[in-house]
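Colleague: To get our numbering, take the position in the sequence shown, counting from 1, and add 20. Starting off with a structure, shown below.
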Amino acid sequence: MTTKAIHNDIEAFIALKPINFRFLKSLCLKREIGKNACGRYDIEIIATSFTEDKTLCLRLFCTSAFGINLNDIEGGFGGLWIDIQDIQSHQIEGAKYKIFDCEHDELFSFYCKSFTAELIEQ
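This is how it looks when you write it as structure tokens:
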């Protein structure tokens, strides 16, 4: 069951039921580095949910991320709960969303300009 990707829509993200994806499978950070400047990070998070016959994953891709905090991500097995807040009214330059784990005192948190989410099978 792969879903159509959603873009910058928190209500549609909630409809994907992120609470069901409790296991952090991967966390990938990438950025462009040039002669004169370093860009902000793009972050891909894949969280999994196990069923009897397949592994369903939530893929979250965030662009222009900064303010990245990573805590002990080895702990909290099965306790992940990804949440997204619209922070446009907070007037943080370059940030529209805060992405964070709200289950275990924020295993990770960061700000980003945009996000894309989808369900994938792996």
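Built from N, CA and C at the ideal position, the CB exists for glycine as well. Given the structure is predicted, the values throughout are model-derived calculations rather than measurements.
Determine the DSSP secondary structure at Ala35, reduced to helix, strand or coil.
Modeller: Taking the first residue of the sequence shown as position 1, residue 35 is located at position 15. Note: Ala35 maps to helix in three-state DSSP.
Colleague: On a Cα-Cα basis, can you pick out the residue from Thr68, Ala57, Ile39 that is closest to Ile104?
Modeller: Translated into positions along the sequence shown, residue 104 becomes position 84. Nearest of Thr68, Ala57, Ile39 to Ile104, Cα basis: Ile39.
Colleague: Between Asp92 and the rest of its own chain, which residues show a CB-CB distance below 8 angstroms, the 5 nearest in sequence each way excluded?
Modeller: Start at 1 with the first residue of the sequence shown, and residue 92 comes out as number 72. Answer for Asp92: Leu127, listed in chain order.
Colleague: Would the C-beta of Trp101 count as close to the ligand GDP, meaning under 8 angstroms from any of its heavy atoms?
Modeller: Here there are no bound small molecules, and the ligand GDP is not part of this structure.
Colleague: In angstroms, rounded to a whole number, what distance separates the CA positions of Thr68 and Lys50?
Modeller: The count along the sequence shown starts at 1 and reaches residue 68 at position 48. The count along the sequence shown starts at 1 and reaches residue 50 at position 30. Cα-Cα distance, rounded: 21 angstroms.
Colleague: Can you give me the start and stop residues for the beta strand (DSSP E) that Glu64 sits inside?
Modeller: Position 44 of the sequence shown holds residue 64. First-last of the beta strand (DSSP E) with Glu64: 61 to 70.
Colleague: Specify whether the stretch 132 to 141 and the stretch 27 to 44 touch according to this definition: at least 3 beta carbon pairs, one from each stretch, less than 8 angstroms apart.
Modeller: yes
Colleague: DSSP state of Asn56, grouped into three classes?
Modeller: Reading the sequence shown from its first residue, position 36 is the one you call residue 56. Asn56 falls in the coil class under three-state DSSP.
Colleague: For Ala85, list the residues DSSP reports as bridge partners.
Modeller: Your numbering for residue 85 matches position 65 in the sequence shown. Per DSSP, the beta bridge partners of Ala85 are Tyr61.
Colleague: Can you give me the Cβ contacts of Gln108 inside the same chain, cut-off strictly under 6 angstroms, excluding the 5 residues immediately before and after it?
Modeller: As a first step, residue 108 is located in the sequence shown; it is residue number 88 there, counting from the start. The answer, listed in chain order, is Lys116.
Colleague: On a Cα-Cα basis, can you pick out the residue from Asp62, Cys122, Thr75 that is closest to Phe86?
Modeller: Position 66 of the sequence shown holds residue 86. It is Asp62.
Colleague: I'd like the list of long-range same chain contacts for Ser129, defined as Cβ closer than 6 angstroms, with 5 residues on each side in sequence excluded.
Modeller: What you label residue 129 is simply residue 109 of the sequence shown in a count that begins at 1. The answer, listed in chain order, is Asn89, Phe120.
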